[in-house]
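J.: Below is one structure. I have some questions about it.
2 protein chains.
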Amino acid sequence: MSNCIDFYFDYSSPYGYLACERIEAIAAKSGCTVVWHPILLGAVFKITGQKPLTESPLRGDYAVRDFSRSAREHQLEYQHPAQFPIGAIAASRASLWLRDNSDPQLRAKTADFIHAIYRAYFSAGQDITDATVIAAVAGSLDIDSEALLLAIATQAVKDSLRIEIEQAISAGVFGSPTMIVNNEPFWGHDRLEQMERWISSGGW
Amino acid sequence: MSNCIDFYFDYSSPYGYLACERIEAIAAKSGCTVVWHPILLGAVFKITGQKPLTESPLRGDYAVRDFSRSAREHQLEYQHPAQFPIGAIAASRASLWLRDNSDPQLRAKTADFIHAIYRAYFSAGQDITDATVIAAVAGSLDIDSEALLLAIATQAVKDSLRIEIEQAISAGVFGSPTMIVNNEPFWGHDRLEQMERWISSGGW
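Have a look at this one:
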């Protein structure tokens with residue numbers, strides 16, 4: 009029984025956003041739960057030598073066109089951000105603080121927070137590197153934004169993001185989104201269907 | 009009415025091979041014909057700064073695993089070649105000589121030749137940079153292999169490959185396979201289904 013999809017994403021990743029909007033419905037249909045893993049691709053790209061997609065000639069033009077096209081196919085809002093890419097360090101730390109929180113009420117808000125941050129960036133045109141934006145998102149979900157901002161400045165939460173990224177790299181993650189199901193990795197928004205077929209068929 | 013899928017591929021590309029095995033059935037279902045465009049990604053990578061996928065840390069491991077996995081999903085033979093990647097210059101020139109030939113009987117053998125070359129490399133473990141292998145493939149299809157080897161040494165055929173690659177780059181092609189349907193580009197074996205939905209729905 010597969011019952012867990014490890015979902016690795018970078019808040020600066022358009023395909024991460026699109027997959028994030030769809031992953032829970034697919035997981036539910038597949039009898040799986042989603043475990044959220046915010047990471048920073050900047051650290052990964054130091055190892056792989058990759059550059060942000062949109063900075064590459066030819067590939068960049070296609071990517072920007074495809075972000076919108078893939079969003080339209082799934083009736084998702086998409087506005088390519090004016091500031092792109094970004095390093096969403098504070099938002100990533102905040103997500104981990106929620107996910108790993110000792111308070112179950114806060115833990116339960118993790119998915120809503122992740123969706124709200126992603127939508128703020130890719131749909132509402134907000135600057136999610138700005139602490140006041142993160143605080144506003146938290147506030148809208150009845151999360152104590154002062155406590156959140158204090159928490160993400162602590163060494164423990166800073167370390168948790170570093171460790172999260174190291175573990176992702178150890179697991180072979182090199183792009184966003186990456187879904188890992190029972191050690192089987194699937195990279196890319198365009199692999200969600202293949203992942204679904206893999207789960208329902210038991211693999212091939 | 010869309011009636012033409014421009015199919016760009018590099019003979020050294022595993023995903024090009026997998027898509028090549030599937031494109032005609034999809035085209036037939038979609039009421040389209042396939043136009044074959046052999047290219048050399050080496051020339052494209054000089055512009056995009058990309059490296060061969062398998063030479064990239066983390067990404068390479070995933071890619072090699074995924075080539076076989078994606079082949080198995082579609083019941084296709086796949087043996088990762090011992091010599092990889094390669095620059096399949098002669099095979100690409102031969103394909104263009106067939107495709108653009110004044111003899112309709114030779115033109116009609118283009119698709120069979122492309123499939124046979126791809127299978128020689130990715131299924132039979134043959135060295136398709138070797139002229140004797142290309143000649144043998146040609147012979148197996150009742151193509152005059154001596155005429156073919158003479159033709160691909162001519163300046164006209166050499167130029168045709170250079171021009172083909174330049175035109176591909178002008179059309180925005182940066183990877184293999186790329187399918188272009190009515191100016192709409194789809195990159196990757198894993199986008200065949202999306203391309204199919206695009207054609208059948210008239211786009212979105």
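Protein chains in written order, with this note's numbering: chain F, 9 to 212; chain H, 9 to 212. Just so it is clear, CB atoms sit at the ideal spot from N, CA and C, and this is done for glycine as well.
1. Please identify the residue among S131(H), S78(H), F182(H) and L114(H) whose C-alpha is closest to the C-alpha of D18(H).
2. How many whole angstroms separate the CB atoms of W105(H) and I171(H), which I take to be in contact at a CB cut-off of 8 Å?
3. Would you check if there are 3 or more beta carbon pairs closer than 8 Å linking the region 112 to 129 of chain F to the region 143 to 155 of chain F?
4. Who are the neighbours of P193(F) on chain H, taking C-beta pairs under 7 Å?
5. Thinking C-alpha only, which one of P89(F), A128(F) and I151(F) is nearest P112(F)?
6. Just the Cα atoms here: how many angstroms apart are V141(F) and A116(F)?
7. Ignore the nearest five residues each way along the sequence and tell me which others in I31(F)'s own chain have a CB closer than 8 Å to its CB.
8. For Y129(F), which residues of its own chain have a beta-carbon under 7 Å away from its beta-carbon, when the five flanking residues on both sides are left out?
9. Under 9 Å between C-beta atoms, does P112(H) make it to chain F?
10. Is the separation between the beta-carbon of I173(F) and that of I94(F) shorter than 9 Å?
11. Looking at C-alpha atoms only, which residue of E85(F), D138(F) and I55(F) is the closest neighbour of A99(F)?
12. Once DSSP output is grouped into helix, strand and coil, what is the label at H88(H)?
13. Taking only the alpha-carbon atoms, compute the straight-line gap between V165(F) and D108(F) and give it to the nearest angstrom.
14. Need the endpoints of the alpha helix (DSSP H) that F130(H) sits in, please.
15. Please tell me whether D167(F) and S78(F) are closer than 9 Å, where the distance is taken between their beta carbons.
16. Are the C-beta atoms of S10(F) and some chain H residue less than 9 Å apart?
17. Buried or exposed for R80(F), going by 16 or more other Cβ atoms inside 10 Å?
18. Looking at the strands, I want to know which residues DSSP matches up with E154(F).
19. Using a Cβ-Cβ distance under 9 Å, would F92(F) count as near chain H?
20. Name the DSSP beta bridge partners of F17(H), please?
21. With H, G and I counted as helix, E and B as strand and the rest as coil, what does DSSP make of T140(F)?
22. Relative to chain F, which residues along the region 37 to 66 of chain H have a C-beta separation below 8 Å, given in chain order?
23. So which residues on chain H does W212(F) lean against when the C-beta distance must stay under 8 Å?
24. Mind listing the chain H neighbours of E201(F)? Cutoff is C-beta to C-beta under 8 Å, in chain order.
25. Could you check what DSSP says for P193(F) in three-state terms: helix, strand or coil?
26. Which ranges does the alpha helix (DSSP H) cover as unbroken runs of at least 4 residues, wholly within the region 58 to 104 of chain F, from first to last along the chain?
27. Say whether chain F places a C-beta atom closer than 9 Å to the C-beta of D14(H).
28. Here's a check: name, in chain order, each residue in its chain whose Cβ is nearer than 8 Å to the Cβ of Q202(F), leaving out the five neighbours to either side.
29. Return the CA-CA distance between R127(H) and S103(F), expressed in angstroms with no decimal places.
30. Quick one, which of I34(H), Y25(H), Q134(H) and E29(H) has its alpha-carbon nearest V189(H)'s?
31. What in chain F is Cβ-close to G133(H), meaning under 7 Å?
32. Between the Cα of S178(F) and the Cα atoms of L61(F), A51(F) and Q91(F), which residue gives the shortest distance?
33. Using three-state DSSP, classify I34(F) as helix, strand or coil.
34. Name the chain F residues that come within less than 7 Å of G180(H), Cβ to Cβ?
35. For the region 129 to 162 of chain H, enumerate the residues whose C-beta is nearer than 7 Å to any C-beta of chain F, in chain order.
36. What does a CB cutoff of less than 8 Å around E204(F) pick up in its chain, not counting 5 residues either side in sequence?
T.: Answer, in terms of the structure:
1. F182(H)
2. Wrong, their Cβ atoms sit about 13 Å apart, outside the cutoff.
3. yes
4. Y70
5. I151(F)
6. 21 Å
7. I13, F15, V42, P185, M187 and L200
8. Y19, P89 and I136
9. no
10. no
11. D138(F)
12. coil
13. 10 Å
14. T118 to F130
15. no
16. Its pLDDT being 49, under 50, S10(F) is placed unreliably by the model, and the measurement read from it follows with that caveat. So, not an interface residue.
17. exposed
18. Beta-bridge pairing links E154(F) to no other residue.
19. no
20. P46(H)
21. helix
22. V52, I55, T56, G57, Q58, K59, S64, P65 and L66
23. R77, R80 and E81
24. E201
25. strand
26. 67 to 81
27. no
28. F194
29. 48 Å
30. I34(H)
31. Those within 7 Å of G133(H) in chain F number zero; the least Cβ separation is about 23 Å.
32. A51(F)
33. helix
34. L66, D69 and Y70
35. none
36. I34, K37 and S38
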